[in-house]
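Reading through the structure tokens given below for one structure.
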Amino acid sequence: MTNRNFTRRRFGRTAAAGAALIGAPLPLRPALAQQANLKVALLLPTSGGQALIGQACKRGADVANDVLADMKIPVKLEIVNYDTESKPDVARTQAEKAIEAGAHVLMGAFDSGQTIAIAQVAEQRGVPMIVNIAAAPPITESGYKFIVRNFPTAPMLISGAFQLHKDIFKASAPRPRPR
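So for the sequence shown, numbering that gives the first Met the number 0 puts the first residue at 0; every next one is plus one.
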């Protein structure tokens, strides 16, 4: 199936399969994927300055089919890895390459700069993208139609951390005092 035949219904199935990647329980498991294979382009920095983090994320994706099988979700992901080399311009080029190779959905890249570059390509080409960890708000606040986030934004992380500190200080004694 070419990307030109990518429908809203298929996007819904793709998003659901992506959610399954992070272990979310889904009540509609049998109807989740009626197609046999879903080609996922995993765009991560597996070389360069962020290589270790990218390689760790890749290892997580390597077990996705086993997790889906354990959850009795009838989908087989064909995960194709693309190295962004820790560079936004390379991430953009790799996203274009993945789409040309027939990727049904893009996933990546955990670094906000690279993810924004990939999101621009995904939106221009009409290919769904699942944001993997990147926390910059503009990624999903730019009015894109094909971008789905599965990670909180930076302001959400910061405000949540401050609230947790307040809760800890409220529950503990003695309270920390300035010197």
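Don't be surprised by glycine CBs; every beta carbon is placed ideally from N, CA and C. Small disclaimer: the values here were computed from a predicted structure and weren't measured.
(message) Can you look up E77 in the DSSP assignment and give me helix, strand or coil?
(response) Numbered from 1 along the sequence shown, position 78 holds the residue referred to as residue 77. Correct three-state label for E77: strand.
So Q93 and L42 are supposed to be a Cβ contact under 8 Å. How far apart are they, rounded? Taking the sequence shown and counting its residues from 1, one reaches residue 93 at position 94. Taking the sequence shown and counting its residues from 1, one reaches residue 42 at position 43. Yes, Q93 and L42 are in contact; Cβ-Cβ is about 6 Å, under 8 Å.
Item to check | Meets three-Cβ-pair contact criterion under 8 Å: the segment 82-100 and the segment 43-52 | outcome: Yes, they touch.
Worksheet item: By Cβ distance, which residues of its chain are closer than 7 Å to K52, with the 5 residues on each side in sequence left out?
Response: Walking along the sequence shown from the start, residue 52 turns up at place 53. Before going further, note that residue 52 is Ile rather than Lys in the sequence given. F109.
Measure from the alpha carbon of I132 to the alpha carbon of each residue in I115, A121 and G142, then state which is nearest. Taking the sequence shown and counting its residues from 1, the one referred to as residue 132 is at position 133. The residue with the shortest Cα to Cα distance from I132 is I115.
For V39, name the three-state secondary structure that DSSP assigns.
The sequence position of residue 39 within the sequence shown is 40, counting from 1. It is a strand residue.
- Query: According to the Cβ coordinates, are V104 and I129 closer than 9 Å?
  - Reply: As a first step, residue 104 must be located in the sequence shown, where it is residue number 105. As a first step, residue 129 must be located in the sequence shown, where it is residue number 130. Between V104 and I129, the CB-CB gap stays under 9 Å.
query: Does DSSP classify P72 as helix, strand or coil?
result: Here residue 72 refers to the residue found at position 73 of the sequence shown. The question names Pro, but residue 72 in the sequence shown is Ile. Of the three classes helix, strand and coil, the one that applies to I72 here is coil, per DSSP.
Original post:
What first and last residue would you give for the alpha helix (DSSP H) that runs through R58?
Top reply: Your numbering for residue 58 matches position 59 in the sequence shown. Where R58 is concerned, the enclosing alpha helix (DSSP H) stretches over A50 to D61.
### Task
Return the chain-ordered list of same chain residues with a C-beta closer than 6 Å to the C-beta of P24, the five sequence neighbours on each side being excluded.
In the sequence shown, counting from the first residue as 1, residue 24 sits at position 25. Confidence at P24 is low in this model, with a pLDDT of 40, below 50, so the placement of that residue is unreliable and no value is reported for it.
Practice item. Assign L156 to one of two classes, buried (16 or more other C-beta atoms within 10 Å of its C-beta) or exposed (fewer than that). Key: Taking the first residue of the sequence shown as 1, we reach residue 156 at position 157. Counting of Cβ neighbours within 10 angstroms places L156 among the exposed residues, the total staying below 16.
query: Applying the criterion that 16 or more other CB atoms from any shown protein chain within 10 Å of the CB defines a buried residue, is G142 buried or exposed?
result: What you label residue 142 is simply residue 143 of the sequence shown in a count that begins at 1. Burial state of G142 is exposed, judged by a 10 Å Cβ sphere holding fewer than 16 other Cβ atoms.
Worksheet entry | Separation of A90 from Q113, as counted between CA atoms | On the sequence shown, position 114 is the one that residue 113 refers to. On the sequence shown, position 91 is the one that residue 90 refers to. Going by C-alpha positions, Q113 is about 6 Å away from A90.
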